[in-house]
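Student:
In our numbering, the protein residues as written are 54 to 502.
1. Would you mind giving the Cβ-Cβ distance between residue 471 and residue 186, rounded to the nearest angstrom? I have them listed as a contact below 8 angstroms.
2. Do you know whose CA, among 411, 359, 267, lies nearest residue 444's CA?
3. With a cut-off of 8 angstroms on the beta carbons, I'd call residue 364 and residue 333 a contact; round off their distance for me.
4. Measure from the alpha carbon of residue 102 to the alpha carbon of each residue in 210, 114, 134, then state which is nearest.
5. Would a C-beta distance cut-off of 8 angstroms place residue 505 and residue 284 closer than the cut-off?
6. Consult DSSP for residue 381 and reduce its assignment to one of helix, strand or coil.
7. I think residue 281 touches residue 434, with their Cβ atoms under 8 angstroms apart; what is that distance to the nearest whole Å?
8. Under 8 angstroms by Cβ, that's how I've got residue 91 and residue 162 pegged, so tell me the actual separation to the nearest angstrom.
9. Work out the CA separation of residue 190 and residue 498 for me, nearest whole Å.
10. What separation, rounded to the nearest whole angstrom, lies between the Cα atoms of residue 325 and residue 453?
11. Using a 10 Å radius around the Cβ and a threshold of 16 neighbouring Cβ atoms, would you call residue 167 buried or exposed?
12. Given this structure, state the Cα-to-Cα distance separating residue 372 from residue 296, to the nearest angstrom.
13. Buried or exposed for residue 479, going by 16 or more other Cβ atoms inside 10 Å?
14. Quick one: what's got a C-beta closer than 7 angstroms to residue 495's C-beta in the same chain, skipping five residues either side?
15. What are the start and end residues of the alpha helix (DSSP H) that includes residue 304?
16. Shortest alpha-carbon distance to residue 237 belongs to which of 66, 410, 214, 416?
17. Nearest by alpha-carbon distance to residue 173: which of 369, 289, 121 is it?
18. Should the stretch 124 to 138 be regarded as contacting the stretch 148 to 161, the criterion being three or more beta carbon pairs within less than 8 angstroms?
19. Between which two residues does the beta strand (DSSP E) holding residue 280 run?
20. Do the stretch 312 to 326 and the stretch 349 to 360 meet, that is, are 3 or more Cβ pairs less than 8 angstroms apart?
21. If we count the other Cβ atoms within 10 Å of its Cβ and call it buried at 16 or more, is residue 379 buried or exposed?
22. Less than 8 angstroms between the beta carbons of residue 175 and residue 71, yes or no?
23. If you reduce the DSSP assignment to three classes, tell me which class residue 349 lands in.
24. Can you tell me the Cα-Cα spacing of residue 482 and residue 228, whole angstroms?
25. Could you tell me how far apart the beta carbons of residue 489 and residue 205 are, in whole angstroms, since I believe they sit closer than 8 angstroms?
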């Protein structure tokens, strides 16, 4: 099944451009700065075990095919991770070159090598003989795609069940196009599909126990990776108005070819984003790229404690997003059903990271208001409660996440495994890749017992 490509992106491309990749000469110059550590700490910093130390060494030796193979052998979504990973907190954080000059730009090198491999038509991915054993993967985000690829490489017949029209999950519908566009995503997904993975899109499980019942069909194991699809919004006056969205609503529309419609709505309008994480900054930057007027990010945390990655925060500030830290929204004001503003006051968190009402101290005489036309909540998300009906025999924890064995990722039901955010809660794409690899390995062990 081929994914839609460039044509579908034309409108988005008018507003969004991902960062330009390295040229060959730039990549070689950057790789030549590597200290070739005997025991590279950068490799220890990658949850997906992509081994930057190995592929950078091969690039230094001008073995570009070998470097590309290292990445793809370890991470079928290596190019995507090169684009979206917070490398400053992972592999690059441990780079010893920082003691001499600056860290090696591992993410950009990783992306360059993947695109280089595509451009020369080199495919290092091999597949074992067909074992004629069927495995179902529920969801096509990073965990699901990775699990499917790892199983397919070992000869298993994998079918991905995806409720949306296109594959990708959060990678397609939850990341702004200035970070990851459809063309790049589709090329990486093709690497998965070329392994013979079957796909059923627009497929929604509805009946009680319908996911579990796949084990009664022709499937010998199941990997559940449905992610977090229930975005939160504050229960305050005005929060149910039509001009109030969650970040998932907003990004889904942007990534579902409705970008022109959204752009027309918010052009020259004022927008309030509620939240201080990377998603909030992504949404705010997206609004500015769509020519919104004033865009406010309103967060409970102080400026120093904002959970957003530094790169995402700086990008938002570079696009003139107004950060309003240590503040809470108390009301969304409306007139004739339309949003006209937000009201709130400044606060102090008595304990960092605790957003319970008892931990929020309101500062006297600190009330503020902004005139805005739209409000977007970016305060996190949870598991769709419907998943419990589809997996009635599976145990969930008190937060609604699927409980699994930490090592094998097997659930309370034999043959059903789970990974990604439906297990961990909010996390990184690279951690989902790790779960996909671990889940596939555990499924193989289970099937070979």
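Note that beta-carbon positions come from the ideal geometry of N, C-alpha and C, so glycine has one too.
All figures in this text were calculated on a predicted structure; none of them were measured in a lab.
Tutor: Quick answer:
1. As a first step, residue 471 is located in the chain shown; it is residue number 418 there, counting from the start. As a first step, residue 186 is located in the chain shown; it is residue number 133 there, counting from the start. Not really, about 19 angstroms apart at Cβ, beyond 8 angstroms.
2. As a first step, residue 444 must be located in the chain shown, where it is residue number 391. It is 267.
3. Taking the first residue of the chain shown as 1, we reach residue 364 at position 311. Taking the first residue of the chain shown as 1, we reach residue 333 at position 280. Not really, about 14 angstroms apart at Cβ, beyond 8 angstroms.
4. Sequence index remark: in the chain shown, residue 102 carries index 49 (1-based). The shortest C-alpha separation from residue 102 is found at 134.
5. Within the shown structure, residues of the chain are numbered from 54 to 502, placing residue 505 beyond reach of any answer.
6. Looking up residue 381 in the chain shown gives position 328. Residue 381: strand per DSSP, three-state reduction.
7. Residue 281 sits at position 228 when you count from the first residue of the chain shown. Residue 434 sits at position 381 when you count from the first residue of the chain shown. That belief holds up - the Cβ atoms of residue 281 and residue 434 are roughly 4 angstroms apart, short of 8 angstroms.
8. The residue labelled residue 91 in the question sits at position 38 within the chain shown. The residue labelled residue 162 in the question sits at position 109 within the chain shown. With 8 angstroms as the limit, residue 91 and residue 162 do not qualify as a contact, their Cβ atoms being about 20 angstroms apart.
9. If you number the chain shown from 1, residue 498 lands on position 445. If you number the chain shown from 1, residue 190 lands on position 137. One C-alpha to the other measures close to 17 angstroms.
10. In the chain shown, counting from the first residue as 1, residue 325 sits at position 272. In the chain shown, counting from the first residue as 1, residue 453 sits at position 400. If I take the Cα positions, the gap works out to 29 angstroms.
11. Counting from 1 along the chain shown, the entry for residue 167 is found at position 114. With 16 or more other Cβ atoms within 10 Å, it is buried.
12. Start at 1 with the first residue of the chain shown, and residue 372 comes out as number 319. Start at 1 with the first residue of the chain shown, and residue 296 comes out as number 243. Their Cα atoms are separated by approximately 23 angstroms.
13. As a position in the chain shown, residue 479 is number 426, starting the count at 1. Residue 479 comes out exposed.
14. Numbered from its first residue, the chain shown carries residue 495 at position 442. Closer than 7 angstroms at the Cβ level, and outside the excluded window around residue 495, lie 461, 462, 463, 470.
15. For the purposes of this step, residue 304 is taken as residue 251 along the chain shown, with counting starting at 1. Segment 300 to 307, the alpha helix (DSSP H) holding residue 304.
16. Reading the chain shown from its first residue, position 184 is the one you call residue 237. The shortest C-alpha separation from residue 237 is found at 66.
17. Position 120 of the chain shown, counting from 1, holds the residue named residue 173. Here the closest residue by C-alpha is 121.
18. yes
19. Locating residue 280 in the chain shown gives position 227, counting from the first residue. Counting along the chain, residue 280 falls outside any beta strand (DSSP E), and DSSP gives it neither H nor E.
20. yes
21. Position 326 of the chain shown, counting from 1, holds the residue named residue 379. So residue 379 counts as buried.
22. Numbered from 1 along the chain shown, position 122 holds the residue referred to as residue 175. Numbered from 1 along the chain shown, position 18 holds the residue referred to as residue 71. Contact flag unset, no.
23. As a position in the chain shown, residue 349 is number 296, starting the count at 1. Strand, per DSSP.
24. Here the question's residue 482 lines up with position 429 in the chain shown. Here the question's residue 228 lines up with position 175 in the chain shown. Taking the straight line from one Cα to the other gives about 11 angstroms.
25. As a working note, residue 489 is residue 436 in the chain shown. As a working note, residue 205 is residue 152 in the chain shown. At roughly 12 angstroms, the Cβ-Cβ gap does not stay under 8 angstroms, so residue 489 and residue 205 are not in contact.
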